[in-house]
């Protein structure tokens, strides 16, 4: 079927297109104007037409997310809980906002199967997992033994394949292993007891492995010392440790803290923004905080153990699994709370002070900074200095005083929004046929109708197409096709499997392949690796 | 192996499915009980319950919810059987049925590696202990008080107990405090909620000084797996109802057995694809059961379904690994529960 989205302002920064025109779709793909009459026509006059949004970091599936659901039944007395919606609602809510691809960024190998089943239950959108590596005893043993890069790459390749993952996530490397051995703090150059491997060495090994395998997405790193005052130093040291090689820093806002001011807690976002600007191989997503009830879900078990005292309501789960494990701590961000207000401002400072919107990504680290359902308000804040001023007026003055936010005038343009949430994420993940609107691209398209209430515009897209099929009209879901799962399929030497099985049989009494996602359970679309 | 019956008479599968759909379609409030099934079966049951406004319960909900209620009121720190096996230098098994696969194995990962695991059993002494285990015998009625005293002793608070008992308890507390990675296991079917909460509090206290984790051993019938599936599909573990146009969860109200006894339910679908158990319910009953099930009285509809991971490929919770795993099965004559549930859904009157 030939279809045209007619007369909208088409914004496609990947091809420097920003002009009123038509967008043609046939058989699920964008096509060049074919010179014949369309079978269907959608009027987009006065509207904004962009590729479907891509969220590179949102916790939407897996043992941690599902534990959050089961931990907080009281949060869904009057309907679903925005911080941990059921699978069906995740797909529908994202689609309503014009997002069509979402990456779940923290799945440990032993629970990959569950995560894939959960993703399969999420309708409409395409999904992928990042696989958490870096704290497994097998890997630490390899690194302690001075394993050559090729062996570590074989290990990573085997694990990615078994889990059907899109890339490698590294979460507070070494800390979860050290926590099992009694440690309560762990920094970039601390050594895991008994294994004598540092966080820095694990990061480097996973960078080497990712490059050797040709994985499009760089190592997606959750640094050490998340949430602690003064941890901007950790982020800066980690950027320096990358030594010019590509590295993605997750939810940077949670590392944007200095120790200035009367309370020893301040925003250090300007320094981090400067460092990002100066290091072109570094990318980051923000992890913006928004006010309200949420639940923090993290595989940084050591950090979550330390955060249990701040739980609201007062209960939490620590689940110590293979590798990283899981920590679930419900939390309420309060507008009048000094620390929460600084966090909110620091996130916005990062958004507004990093000049290059192709290297800074739009996230709330759902649900850790806020549920993804707050995205419309966040877009509005980025696009309107006046709106920010209204919010700032509600914050504690001493919190505002330790940030630079009130002085920042920048307002995001449509093209910058499209770069940050479409073109750049597709490039970062290696999804060649997404995030843009040139002929050949997948026809994932969002159409927004500009209005005074910017948030309302983003909350209810006028039209959303998934693979060329209309799925949302006037903010309402009208069709719910199954989305796909995206995964890499890197080459690796299968000799690693014998070593893995030896280890698993000795440690756990089972073959390592017991944890695999069998082919066919969740058919994946293969994202190509570099040769 | 493929068999179906209507009111005790053999019938073609299609006819049995049609009769099941007729009964459920005509019911005002149907319960889907048993629920001993795989992930696909759980998903198909949710779809069916959503459509007919039914209630989903599991035959081991009582034990399952006893653990979950501790988790979701007080929180907990837990681990997996594989972590426990690989790492723990001390295992404390509390109550009946608290042993776990590999408890007797030698730990190979730090901090437990290099020495045999110390295994201590606390509770009724009827079961054969794992090799090398010390047993501290305590009757079920005594256990809660003893756990309270143990927690107090670990915390250094005075307790009043007979001298011999106090010596044993003090020794146990010292062992716990000396462990580098201890695991405390229990089976919720054998303990009450307060005892489980006391254990979780003890684990919290111990983590102030060393490392400890709980190991709740889930009930059979893939209860933990079904609770996970219902979690991502409905947000709730079991005892989920769709009767009022939204998903609701109530551990008392949506108890299938209670609803049937109180005549709140007027039809039931029982699903046990794992053990083939059958309830003694007398309301119109559709039974989807594993081969070999024995019926004391003929249900309105009986359909034999395949055993997950034996007769067909399935995803179920592996109680030795503590996670969902895929199990392959050989193609058998009996259809998978998910397929039968899907057929019933498709056959419902519009």
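Chains as they are written, first to last, in this note's numbering: chain B, 23 to 553; chain V, 4 to 353.
All C-beta atoms, glycine included, are put in the ideal place defined by N, C-alpha and C.
Contacts that residue 135/B makes with chain V (C-beta to C-beta distance below 7 Å)
As a position in the first chain, residue 135/B is number 113, starting the count at 1. Those are 318, 327, 328 and 329, listed as they occur along chain V.
Closer than 7 Å: residue 180/B CB and nearest the ligand SAH heavy atom:
Ligands displayed in this structure: none; no statement on the ligand SAH is therefore possible.
Which word fits residue 127/B, buried or exposed, when buried means at least 16 other C-beta atoms lie within 10 angstroms of its C-beta?
To locate residue 127/B, count along the first chain from 1; it is residue 105. Sixteen is the threshold: when 16 or more other Cβ atoms of the shown chains lie within 10 Å of the Cβ of residue 127/B, as they do, the residue is buried.
Quick check: the Cα distance between residue 349/B and residue 37/V, rounded to an integer number of angstroms?
To locate residue 349/B, count along the first chain from 1; it is residue 327. To locate residue 37/V, count along the second chain from 1; it is residue 34. The straight-line gap from Cα to Cα measures roughly 31 Å.
Alpha carbon to alpha carbon, how far is residue 244/B from residue 84/B?
On the first chain, position 222 is the one that residue 244/B refers to. On the first chain, position 62 is the one that residue 84/B refers to. Taken atom to atom, the span from the alpha-carbon of residue 244/B to that of residue 84/B is near 18 Å.
Spell out whether any CB of chain V is found under 8 Å from the CB atom of residue 374/B.
Locating residue 374/B in the first chain gives position 352, where the first residue counts as 1. Cβ-Cβ to chain V under 8 Å: no for residue 374/B.
Once you ignore the five residues that flank residue 409/B on each side, which residues in its own chain have a CB closer than 8 Å to its CB?
Within the first chain, residue 409/B is the residue found at index 387, counting from 1. Cβ neighbours of residue 409/B within its own chain (closer than 8 Å, five residues either side excluded): 402, 403 and 476.
For residue 254/B, which residues of its own chain have a beta-carbon under 7 Å away from its beta-carbon, when the five flanking residues on both sides are left out?
Indexing the first chain from 1 puts residue 254/B at position 232. Here the set comprises 277, 278, 279, 280, 290, 293 and 294.
Alpha helix (DSSP H) segments (min. 4 residues) lying fully within the stretch 243-299 of chain B:
For the stretch 243-299 of chain B, whole alpha helix (DSSP H) runs of length 4 or above, ordered along the chain, are 254-263.
Nearest chain V C-beta to residue 173/B closer than 8 Å, yes or no?
On the first chain, residue 173/B is found 151 positions in, with the first residue counted as 1. For residue 173/B, not one C-beta of chain V is nearer than 8 Å to its own C-beta.
Taking 8 Å as the threshold (beta carbon to beta carbon), is residue 540/B in contact with chain V?
Working through the first chain from its first residue, we reach residue 540/B at position 518. So, interface residue.
Would you tell me roughly how many angstroms separate the C-alpha atoms of residue 353/V and residue 229/V, rounded to the nearest one?
Residue 353/V sits at position 350 when you count from the first residue of the second chain. Residue 229/V sits at position 226 when you count from the first residue of the second chain. Their backbone Cα atoms lie some 28 Å apart in a straight line.
I need the straight-line Cα distance from residue 113/V to residue 182/V, nearest angstrom please.
Position 110 of the second chain, counted from the first residue, corresponds to residue 113/V. Position 179 of the second chain, counted from the first residue, corresponds to residue 182/V. Rounded to whole angstroms, the gap between the alpha carbons of residue 113/V and residue 182/V is 12 Å.
Buried or exposed: where does residue 514/B fall if 16 or more other Cβ atoms within 10 Å of its Cβ makes it buried?
Locating residue 514/B in the first chain gives position 492, where the first residue counts as 1. So residue 514/B ends up on the buried side.
Closer than 7 Å at the beta carbon, the chain V residues around residue 88/B:
Here residue 88/B is taken as the residue at index 66 of the first chain, counted from 1. Correct list: 231, 234 and 235.
How many whole angstroms separate the CB atoms of residue 228/B and residue 259/B, which I take to be in contact at a CB cut-off of 8 Å?
Position 206 of the first chain, counted from the start, is the residue given in the question as residue 228/B. Position 237 of the first chain, counted from the start, is the residue given in the question as residue 259/B. Rounded, the Cβ-Cβ distance is 17 Å, inconsistent with contact.
So with CB distances below 7 Å, who are the chain B contacts of residue 252/V?
Indexing the second chain from 1 puts residue 252/V at position 249. Neighbourhood of residue 252/V in chain B, by CB distance below 7 Å: 95, in chain order.
Residue 231/B in three-state terms, based on DSSP
Residue mapping note: residue 231/B aligns to position 209 of the first chain, counting from 1. The three-state secondary structure of residue 231/B, taken from DSSP, is helix.
Using a Cβ-Cβ cutoff of less than 8 Å, which residues in the same chain neighbour residue 186/B once the five nearest sequence positions on both sides are dropped?
In the first chain, residue 186/B corresponds to position 164, counting from 1. The residues are 134, 138, 151, 507, 509, 539, 544 and 546.
In chain V, what lies closer than 9 Å to residue 343/B by C-beta?
For the purposes of this step, residue 343/B is identified with residue 321 of the first chain, where counting begins at 1. Ordered by position in chain V, the residues that pass the 9 Å Cβ test against residue 343/B are 82, 83, 85, 86, 325 and 326.
Kindly identify the DSSP beta-bridge partner or partners of residue 72/B.
Translated into positions along the first chain, residue 72/B becomes position 50. The secondary-structure analysis by DSSP pairs residue 72/B across a beta bridge with 468/B.
So, does the stretch 524-543 of chain B touch the stretch 199-216 of chain B, judging by three or more C-beta pairs under 8 Å?
No: the two stretches stay apart, fewer than three of their Cβ pairs being nearer than 8 Å.
Measuring only the C-alpha atoms, how far is residue 304/V from residue 22/V?
Here the question's residue 304/V lines up with position 301 in the second chain. Here the question's residue 22/V lines up with position 19 in the second chain. Roughly 7 Å between the two C-alpha positions.
Please check if any C-beta of chain B sits within less than 8 Å of the C-beta of residue 239/V.
In the second chain, the residue the question calls residue 239/V occupies position 236. By this cut-off, residue 239/V is an interface position.
Give the residues of chain B in contact with residue 214/V, contact being defined as C-beta atoms less than 7 Å apart.
For this step, residue 214/V is matched to residue 211 along the second chain. Within chain B, the residues placing a beta-carbon under 7 Å from that of residue 214/V are 202 and 204, ordered along the chain.
Closer than 8 Å, CB to CB, is residue 78/V near chain B or not?
Taking the first residue of the second chain as position 1, residue 78/V is located at position 75. Interface residue, yes.
Would you please verify whether the beta carbon of residue 112/V is less than 8 Å from any beta carbon of chain B?
Looking up residue 112/V in the second chain gives position 109. Cβ-Cβ to chain B under 8 Å: yes for residue 112/V.
Backbone CA spacing between residue 34/B and residue 170/B [nearest angstrom]
Here residue 34/B corresponds to residue number 12 of the first chain, with the count starting at 1. Here residue 170/B corresponds to residue number 148 of the first chain, with the count starting at 1. If you take the alpha carbons of residue 34/B and residue 170/B, they lie about 43 Å apart.
For residue 216/B, decide whether its Cβ has a neighbour in chain V, counting only Cβ atoms nearer than 8 Å.
In the first chain, residue 216/B corresponds to position 194, counting from 1. Judged by the 8 Å Cβ criterion, residue 216/B is in contact with chain V.
Cβ-Cβ separation, residue 378/B to residue 299/B (assumed contact under 8 Å), whole Å:
Numbered from 1 along the first chain, position 277 holds the residue referred to as residue 299/B. Numbered from 1 along the first chain, position 356 holds the residue referred to as residue 378/B. Right, the Cβ-Cβ distance comes to about 7 Å (below 8 Å), so this counts as a contact.
Whole-angstrom C-beta distance between residue 286/V and residue 2/V, which should lie under 8 Å:
Only positions 4 to 353 of chain V appear in this structure, which leaves residue 2/V out of reach.
Could you tell me whether the Cβ atoms of residue 225/B and residue 195/B are closer together than 8 Å?
The residue you call residue 225/B lines up with position 203 of the first chain. The residue you call residue 195/B lines up with position 173 of the first chain. Contact: yes.
Less than 8 Å between CB atoms is the rule here; does residue 89/V satisfy it with respect to chain B?
Position 86 of the second chain holds residue 89/V. It does: the Cβ of residue 89/V has a partner Cβ on chain B nearer than 8 Å.
Along the chain, which unbroken stretches of the beta strand (DSSP E) at least 3 residues long are found entirely within the stretch 322-363 of chain B?
Runs of the beta strand (DSSP E) inside the stretch 322-363 of chain B: 339-342 and 348-355.
Nearest to residue 366/B (by Cα), restricted to the options 434/B, 421/B and 526/B:
By 1-based counting over the first chain, the position of residue 366/B is 344. It is 421/B whose Cα lies nearest to the Cα of residue 366/B.
Taking 8 Å as the cut-off, decide whether the C-beta atoms of residue 451/B and residue 273/B are in contact.
Mapped onto the first chain, residue 451/B falls at position 429. Mapped onto the first chain, residue 273/B falls at position 251. No, Cβ-Cβ distance for residue 451/B and residue 273/B is not below 8 Å.
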